[in-house]
Amino acid sequence: MASPRTSLLVLVGIGACAATAVVAREVVTSPGASSRISDSPKEVIDQTWQIVFRDYLDINGKYKPEQWRQLRRDVLAKSYGSSKEAYESIRGMLASLDDPYTRFLDPREFKEMQIDTSGELSGVGIQLSLDKETKNLVVVSPIDGSPASRAGVQPKDVITAIDGKSTKGMSTEDAVKLIRGQAGTSVTLTLQRKGQSLQVPLTRERIELHAVDHQINTSPDGVKVGYIRLRQFSATATKDMRLAVKDLEEKGAQGYVLDLRSNPGGLLMASVEIARQWLNEGTIVSTKTRDGIQDVKRANGRALTAKPLVVLVNEGSASASEILSGALQDNQRAVLVGQKTFGKGLVQSVRGLSDGSGMTVTIAKYLTPSGRDIHKHGIDPDVQAKMSELEAQKLKLEDLGTKKDSQYRIAETTLVKRLRSASGPSQAYKPGSANLPAALGSSAKP
Numbered sequence: 002m003a004s005p006r007t008s009l010l011v012l013v014g015i016g017a018c019a020a021t022a023v024v025a026r027e028v029v030t031s032p033g034a035s036s037r038i039s040d041s042p043k044e045v046i047d048q049t050w051q052i053v054f055r056d057y058l059d060i061n062g063k064y065k066p067e068q069w070r071q072l073r074r075d076v077l078a079k080s081y082g083s084s085k086e087a088y089e090s091i092r093g094m095l096a097s098l099d100d101p102y103t104r105f106l107d108p109r110e111f112k113e114m115q116i117d118t119s120g121e122l123s124g125v126g127i128q129l130s131l132d133k134e135t136k137n138l139v140v141v142s143p144i145d146g147s148p149a150s151r152a153g154v155q156p157k158d159v160i161t162a163i164d165g166k167s168t169k170g171m172s173t174e175d176a177v178k179l180i181r182g183q184a185g186t187s188v189t190l191t192l193q194r195k196g197q198s199l200q201v202p203l204t205r206e207r208i209e210l211h212a213v214d215h216q217i218n219t220s221p222d223g224v225k226v227g228y229i230r231l232r233q234f235s236a237t238a239t240k241d242m243r244l245a246v247k248d249l250e251e252k253g254a255q256g257y258v259l260d261l262r263s264n265p266g267g268l269l270m271a272s273v274e275i276a277r278q279w280l281n282e283g284t285i286v287s288t289k290t291r292d293g294i295q296d297v298k299r300a301n302g303r304a305l306t307a308k309p310l311v312v313l314v315n316e317g318s319a320s321a322s323e324i325l326s327g328a329l330q331d332n333q334r335a336v337l338v339g340q341k342t343f344g345k346g347l348v349q350s351v352r353g354l355s356d357g358s359g360m361t362v363t364i365a366k367y368l369t370p371s372g373r374d375i376h377k378h379g380i381d382p383d384v385q386a387k388m389s390e391l392e393a394q395k396l397k398l399e400d401l402g403t404k405k406d407s408q409y410r411i412a413e414t415t416l417v418k419r420l421r422s423a424s425g426p427s428q429a430y431k432p433g434s435a436n437l438p439a440a441l442g443s444s445a446k447p
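Structural data, given as structure tokens:
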């Protein structure tokens, strides 16, 4: 008898961002099987096989049920001396589907992916990058209030060693693995700053990662623009967005630029909840499984503001970013500025397996409110604004959303034009209005 089904979180993301903080664990048996596969490596193989057999949405025409059954017989007939051998077999099975979003993750990879969208990690609170020219590991910025920030780590510090191990030739991924660790443990960074070498001992802590940056910008003609950059649709993104909008409303924002450039996606429900913060009514997204089941998500009348909105997108805006962009565009809530988006219109669920490994599996496709299937097509912006490769290389993280950012300048100009052409009184969120509970995250009903 199959194990009971548990509730699952679904995600829409690309690359390493296809993950979730909480996963449903399932131990299942094959349809018609007389007994459970008890040998551990084979059990994980069988669990993976069954998840695909039961829920997979074929996107390439490569999935044939009878061939998939034969594949199960073949892989379970083999002997596996280790989990590593079983994992290779699983990856081979999934590769036959030719779906880059249906993939297996060993326990370490699965844990890393959980961290990506949990909105929390255990470490010292440093954002890293690899200098393209020198190949040095450079601190982009320490996270406010983190151990690194309190110890005086500064932007542009070069990390030359981690616990005495040289970082020469090290990737950012390898460095992150060494710096992260259990809260309460220590790590020592060797930093190069203005010709001086510094030893900085740090104690790791649980750190909350904020998905949103925001600020008030003033246009050349004095318009107060609320600029919001959303990095990823993580578990904390909805709360972070709510707080950002509330703060910018209190500071007198007359309109907004929402920056989704290079946002790879994340949790499906985060995109829906954030859309509801900008939309009072209308469809947000609909999803269809291989059985044709359609789930429609709609706005719920709890938008935080009705002030004009411009959304910045580029070819790196994917999945959950495209759900949000499509909802705002189709409902004529926002003008999209930038470049055509990535084009990923598929939904994955994350499944934990019995040995701590996991997998993501494509289970549905999604459509924008007007019924557009944007997979492999992307979303065309209303106003084209391309950034040259040279500008993109020169533009620093701290320059985003400033006058040094040409795409932002076009977005700001577009927003000011909307404000000038807007007629009638503003319907913006006001303190004391029915939308106050939504802005404060309260459970109170209007």
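Following the working numbering, the numbering of the sequence shown begins with 2 at its first residue and continues without gaps.
The C-beta atom is built at its ideal place from N, Cα and C for all residues, glycine as well.
Pairwise C-alpha distance: residue j and residue i
i, j, result
"V224", "G302", "27 Å"
"G339", "L329", "15 Å"
"T290", "Q193", "53 Å"
"D47", "L268", "27 Å"
"Q233", "N218", "22 Å"
"G256", "L416", "7 Å"
"N264", "R73", "37 Å"
"I324", "S287", "10 Å"
"I375", "G346", "6 Å"
"R70", "Y57", "14 Å"
"A176", "Q278", "37 Å"
"I411", "A386", "7 Å"
"L203", "G196", "22 Å"
"V1", "S198", "One cannot answer for residue 1 here, as it falls past the ends of the chain, which runs 2 to 447."
"F105", "K341", "30 Å"
"G227", "S371", "28 Å"
"V297", "D59", "21 Å"
"E44", "S350", "20 Å"
Cβ-based burial, residue i [other Cβ within 10 Å; buried from 16]
i, result
"Q295", "exposed"
"P66", "exposed"
"S187", "exposed"
"P382", "buried"
"R109", "exposed"
"S1", "For residue 1 there is no data in the structure shown, the boundaries of the chain being 2 and 447."
"W75", "Note that residue 75 is Asp in the sequence shown, not Trp. Its Cβ having fewer than 16 others within 10 Å, D75 is exposed."
Helix, strand or coil at residue i according to DSSP, with G and I counted as helix
i, result
"V154", "coil"
"S123", "strand"
"R230", "strand"
"R419", "helix"
"V297", "strand"
"I324", "helix"
"D260", "strand"
"D214", "strand"
"E206", "strand"
"A238", "helix"
"L268", "strand"
"T1", "Within the shown structure, residues of the chain are numbered from 2 to 447, placing residue 1 beyond reach of any answer."
"A254", "coil"
"T403", "coil"
"P143", "strand"
"I163", "strand"
"T173", "helix"
"P414", "According to the sequence displayed, residue 414 carries Thr and not Pro. Looking at T414 - three-state DSSP - the assignment turns out to be helix."
"K225", "strand"
Neighbourhood of residue i by C-beta distance below 8 Å, restricted to the same chain and skipping five residues each side
i, result
"P42", "Y81, S83, S84, E86 and A87"
"T403", "N218 and Y409"
"N281", "A300, G302, R303, A304 and A307"
"G317", "R262, S263, N264, P265 and F343"
Neighbourhood of residue i by C-beta distance below 7 Å, restricted to the same chain and skipping five residues each side
i, result
"K377", "G344"
"F54", "W69"
Proximity test, Cβ basis, 8 Å: residue i and chain C
i, result
"N315", "Here chain C cannot be found, since the structure has a single protein chain."
Neighbourhood of residue i by C-beta, 6 Å cutoff - its chain only, sequence neighbours within 5 removed
i, result
"L259", "I229 and V312"
"F111", "S358 and G359"
Which runs of the alpha helix (DSSP H) at least 4 residues long sit entirely within the region 327 to 399? Give them in chain order. Within the region 327 to 399, complete alpha helix (DSSP H) segments of at least 4 residues are found at 390 to 395, given in chain order.
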